[in-house]
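**Q** First the structure, which I've put down as structure tokens, then a few questions once you've had a look.
Numbering (the working numbering), first residue to last: 1296 to 1623.
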């Protein structure tokens, strides 16, 4: 309990801009030549997310970021296309809304009761695609996003601890400091028991961003009023916008976004040198990615966060700035 308290206290410290930059520079030193060879993935904004996720511990942030770089090279999230995952999207179980919240943050709508496939691999792949797309489309200054989770039609048949565990693993290990707010809209009483099981898979700072909202509770509805424009918000979440998910329209949007992603990759990675650096044979070299030996001094720390609780690099702040201007 004391370790948890100390961890909570550590997150409360407010770091000055100069102190933050010093920490970022320290991580870059620990990263070695990789930071210079992959300037986008190892940008200041990216490193800052990992530092926040690891309570400003530079060794742990370095280890976490290297693990993400290795994951991205193996999983290749930026290469997932709409055609690869279109089947997963047909029921609208996850999609990027056409509106943002009042802070300009991208909104991902999720409907657990609309699950239409059985493959955990396919479901996680679609989730990763949605995360990459949300980051690519983000126009907010902080890079955070909002999740609107609609529990209409939810029951115990929608439960999957494996999917939940794998989802938490990917999001917390490889997408740190991306969630700004998660709204659970009209969750049934039964979900409270499931939430008790799910919370251990989430970091405390993440679970604090989760808000329960009930349409018959005026007090909780204030959360919606504070965060969304009612004229833009879907009626299923108490807004006045009658337009919901349409697969054909959404498919068109995503194919357009795929073109933007391709344009970004081509424009940023056109040089032979950079392409060579992205080859798996070089980037997975043990000298570059010896993540097991990195931060070994911290492995026994009482405040170390379990491996199943980590989360992602961003589609790079540069992706955001380079593409959103084209899409707006």
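The beta-carbon is built from N, C-alpha and C at its ideal position, and this holds for glycine as well.
From a predicted model like this one, the values you see are computed outputs, not experimental measurements.
Nearest CA to the CA of residue 1498: which residue from 1536, 1508, 1467?
**A** Per the Cα distances, 1467.
**Q** According to DSSP, simplified to helix, strand and coil, what is residue 1612?
**A** Low confidence applies to residue 1612: its pLDDT is 38, below 50, so where it sits in the model is not reliable, and the reading given next is rough at best. In the structure shown, residue 1612 sits in a helix (DSSP, three-state: H, G or I).
**Q** Helix, strand or coil for residue 1442? Go by DSSP, reduced to three states.
**A** In this structure, residue 1442 counts as strand in the three-state DSSP scheme.
**Q** Is it right to say residue 1535 is buried, meaning 16 or more other beta carbons lie within 10 angstroms of its own, or is it exposed?
**A** Classification of residue 1535: exposed, given that the 10 Å Cβ count is below 16.
**Q** In the stretch 1457–1506, which residue ranges form an unbroken beta strand (DSSP E) of at least 3 residues, counting only runs that do not cross its ends?
**A** The qualifying runs are 1474–1480.
**Q** Considering only C-alpha positions, which residue in the set 1312, 1450, 1540 is nearest to residue 1485?
**A** Residue 1450 is the option with its Cα nearest to residue 1485.
**Q** Going by the DSSP bridge assignment, what does residue 1536 pair with across the sheet?
**A** Answer is 1529, bridged to residue 1536.
**Q** Any heavy atom of the ligand ADP closer than 7 Å to the beta-carbon of residue 1527?
**A** Inclusion of the ligand ADP in the displayed structure is not the case, the ligand content being empty and no account of it being possible.
**Q** Using DSSP with H/G/I as helix, E/B as strand and the rest coil, what is residue 1454?
**A** Residue 1454 falls in the coil class under three-state DSSP.
**Q** So, with DSSP's three-state summary, where would you put residue 1412?
**A** Note: residue 1412 maps to coil in three-state DSSP.
**Q** How is residue 1336 classed by DSSP in three states: helix, strand or coil?
**A** If DSSP states are grouped into helix, strand and coil, residue 1336 belongs with coil.
**Q** Taking its Cβ as the centre, do 16 or more other Cβ atoms sit within 10 Å of residue 1411, making it buried, or is it exposed?
**A** Exposed: under 16 other Cβ atoms inside 10 Å.
**Q** In three-state DSSP terms, what is residue 1386?
**A** Coil.
**Q** Tell me the DSSP bridge mates of residue 1402?
**A** Paired residue(s): 1441.
**Q** Just how far apart, CA to CA, sit residue 1323 and residue 1330?
**A** Distance between the alpha carbons of residue 1323 and residue 1330: 6 Å.
**Q** Report the CB separation of residue 1432 from residue 1391 in whole angstroms; it is logged as a contact under 8 Å.
**A** Contact flag correct, Cβ pair sits at about 6 Å.
**Q** Is it right to say residue 1558 is buried, meaning 16 or more other beta carbons lie within 10 angstroms of its own, or is it exposed?
**A** Residue 1558 should be labelled exposed.
**Q** To the nearest angstrom, report how far apart residue 1500 and residue 1338 are at their CA atoms.
**A** When rounded, the distance between both Cα atoms is 23 Å.
**Q** Between which residues of its own chain and residue 1426 is the CB-CB distance below 6 Å, once the five residues before and five after are set aside?
**A** Same-chain partners within the cutoff: 1470.
**Q** Does the contact criterion of 3 or more C-beta pairs under 8 Å hold for the stretch 1353–1370 versus the stretch 1398–1413?
**A** No, the stretch 1353–1370 is not in contact with the stretch 1398–1413.
**Q** In or out: residue 1428 buried (at least 16 other Cβ within 10 Å) or exposed?
**A** With 16 or more Cβ atoms within 10 Å of its Cβ, residue 1428 is classed as buried.
**Q** DSSP state of residue 1509, grouped into three classes?
**A** If DSSP states are grouped into helix, strand and coil, residue 1509 belongs with coil.
**Q** Measuring alpha carbon to alpha carbon, tell me which residue in 1492, 1507, 1493 is nearest residue 1483.
**A** Nearest of 1492, 1507, 1493 to residue 1483, Cα basis: 1507.
**Q** Classify residue 1391 as helix, strand or coil using the three-state DSSP reduction.
**A** Of the three classes helix, strand and coil, the one that applies to residue 1391 here is strand, per DSSP.
**Q** Mind checking residue 1362: buried by the 16 CB within 10 Å criterion, or exposed?
**A** Under this definition residue 1362 is a buried residue.
**Q** Taking only the alpha-carbon atoms, compute the straight-line gap between residue 1442 and residue 1348 and give it to the nearest angstrom.
**A** The alpha-carbon atoms of residue 1442 and residue 1348 are separated by roughly 19 Å.
**Q** Please report how far the alpha carbon of residue 1544 lies from the alpha carbon of residue 1378, in whole angstroms.
**A** Spanning the two alpha carbons is a distance of roughly 15 Å.
**Q** Could you pull out every residue in the same chain whose Cβ sits closer than 7 Å to the Cβ of residue 1530, ignoring the five residues on either side in sequence?
**A** If we look at residue 1530 and ignore the five residues flanking it on each side, its Cβ neighbours are 1536, 1537.
**Q** Within the same chain, show all residues whose beta-carbon is closer than 6 Å to that of residue 1407, passing over the 5 residues directly before and after it, in chain order.
**A** Here the set comprises 1449, 1453.
**Q** Check this for me: beta carbons of residue 1381 and residue 1546, under 8 Å apart or not?
**A** It is a contact, given that the beta carbons lie within the stated cut-off.
**Q** With DSSP run on the structure shown, which of helix, strand or coil describes residue 1351?
**A** Residue 1351: coil per DSSP, three-state reduction.
**Q** Select from 1447, 1554, 1495 the residue whose C-alpha is nearest the C-alpha of residue 1463.
**A** Here the closest residue by C-alpha is 1495.
**Q** For residue 1384 and residue 1475, I'd like the C-alpha separation in whole angstroms.
**A** One C-alpha to the other measures close to 23 Å.
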